[in-house]
DNA sequence: TCGCTGTTGTTGATGTGTCAGCAAAGCTAG
DNA sequence: CTAGCTTTGCTGACACATCAACAACAGCGA
């Protein structure tokens, strides 16, 4: 509660375009993933760090930290993906509470087949329309906003 | 498919910060709405145009156009909101396929109570950290990207 | 050793978003 | 008029996100 109480014309216009762009982009990119690879953006988010990890294994805790998810969301997602054979869990020797998440061969095959098309779609929808300066500016602003929204209250 | 096949360091950094920022912002703002007003962002999105419409009435079709939703999403949402008494539907005299969506008194009371807090949260999380130039730059870029993502294929 | 506290992952309930498919009504060319 | 074709909204099934509550375990101090 720092200023007036409403958004002015410029702020409102930016806000609406941002909200709408986010929706259209996620719709477009999720649709592309679903059609071309039969996977969701959540599947993709989980498989990327797993495929890049040594031996394709990560503690649940470490996986969560890399993609900034909460426990519950990841747990549900892991269960669904395990049922489809994309990964499997094993007890963790160090800490009996934790579990190790392994990517399977079919999980690795899936993400490797999906990645190029997904990146291409991101290029088509976003980076083809941004200059280097745009990318630098957006990075600056996004990281500034991230720094001031530390998963806090309200 | 215009360039290499992967994102370079700058693009990847921007992409990750964007995705994460979107998630943190929507989480923060949805949580604020839920806690302070007991409503979802979807409720808010529907109630805003309704409360601003003459007599608090819109054809379903017009409501859809204003918030850029598809039929199914709006239909489900309207049904849930009608059950909670936030709005009600009536047959449309002009076109028997269509229906008129009316905001109720309690729907109007809810949105009017919720709006100031929601705008304040948007300020706290976003606009307090943006200069006028930032807002102008972001608007330019977002609208450019929107123009080149016309709800199309892939 | 015991008990307290924080952490880890899980579960069930609920609200939400998407998809495919549907029925009814409008529209238009013949 | 009528035979397509489109538009409008609805529904059921499913995947996903969030929340509250839980059980098991780790760490630590008394």
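Residue numbers (our numbering), protein chains in the order written: chain A, 150 to 303; chain B, 150 to 303.
Each residue gets a CB set at the ideal place from its N, CA and C atoms; glycine is no exception.
Bear in mind the structure is a predicted one, so any value in this text is a computation, not a measurement.
Alpha carbon of residue i to alpha carbon of residue j, nearest angstrom
i                      : j                      : result
residue 245 of chain B : residue 233 of chain B : 25 Å
residue 294 of chain A : residue 173 of chain B : 10 Å
residue 216 of chain B : residue 281 of chain B : 26 Å
residue 228 of chain B : residue 236 of chain B : 9 Å
residue 251 of chain A : residue 218 of chain B : 38 Å
residue 271 of chain A : residue 175 of chain B : 21 Å
residue 278 of chain B : residue 259 of chain B : 29 Å
residue 196 of chain B : residue 202 of chain B : 10 Å
residue 257 of chain A : residue 255 of chain B : 52 Å
residue 204 of chain B : residue 221 of chain B : 25 Å
residue 209 of chain B : residue 158 of chain A : 26 Å
residue 253 of chain A : residue 297 of chain B : 37 Å
residue 194 of chain B : residue 186 of chain B : 14 Å
residue 224 of chain A : residue 291 of chain A : 28 Å
residue 151 of chain B : residue 198 of chain B : With a pLDDT of 46 at residue 151 of chain B, under the threshold of 50, the modelled position of that residue is not reliable, and the figure given next carries that caveat. Using only the alpha carbons, I get a separation of about 39 Å.
residue 189 of chain A : residue 207 of chain A : 20 Å
residue 212 of chain B : residue 248 of chain A : 47 Å
Proximity test, Cβ basis, 9 Å: residue i and chain A
i                      : result
residue 265 of chain B : yes
residue 199 of chain B : no
residue 162 of chain B : yes
residue 167 of chain B : yes
residue 288 of chain B : yes
residue 154 of chain B : yes
residue 174 of chain B : yes
residue 257 of chain B : no
residue 271 of chain B : yes
residue 151 of chain B : The pLDDT assigned to residue 151 of chain B is 46, lower than 50, so where the model puts this residue is not dependable; a value taken from the coordinates is nonetheless given after this. True, the Cβ-Cβ gap to chain A drops below 9 Å.
residue 207 of chain B : no
residue 251 of chain B : no
residue 237 of chain B : no
Residue environment, residue i, which counts as buried when at least 16 other CB atoms sit within 10 Å
i                      : result
residue 170 of chain B : buried
residue 155 of chain B : exposed
residue 192 of chain A : buried
residue 274 of chain A : buried
residue 289 of chain B : exposed
residue 163 of chain B : buried
residue 166 of chain B : buried
residue 262 of chain B : exposed
residue 177 of chain A : buried
residue 160 of chain B : buried
Contact with chain B by residue i, beta-carbon distance below 9 Å
i                      : result
residue 225 of chain A : no
residue 297 of chain A : yes
residue 275 of chain A : yes
residue 179 of chain A : no
residue 243 of chain A : no
residue 281 of chain A : yes
residue 284 of chain A : yes
residue 254 of chain A : no
residue 292 of chain A : yes
residue 301 of chain A : At residue 301 of chain A the pLDDT is 47, less than 50, meaning the model places this residue with poor confidence; the figure from the coordinates comes in the next sentence. Answer yes: the Cβ-Cβ gap between residue 301 of chain A and chain B drops below 9 Å somewhere.
residue 195 of chain A : no
residue 170 of chain A : yes
residue 159 of chain A : yes
Ignoring anything shorter than 3 residues, give me the beta strand (DSSP E) runs that lie fully in the segment 207-261 of chain B, in order along the chain. 236-240 and 248-252
Any 3 or more C-beta pairs closer than 8 Å across the segment 264-284 of chain A and the segment 175-194 of chain A: yes
Runs of 3 residues minimum, wholly inside the segment 272-300 of chain A: which ones carry the beta strand (DSSP E) assignment? none
What are the complete alpha helix (DSSP H) segments, minimum 4 residues, inside the segment 162-194 of chain B? Counting only runs of 4 or more, we get nothing.
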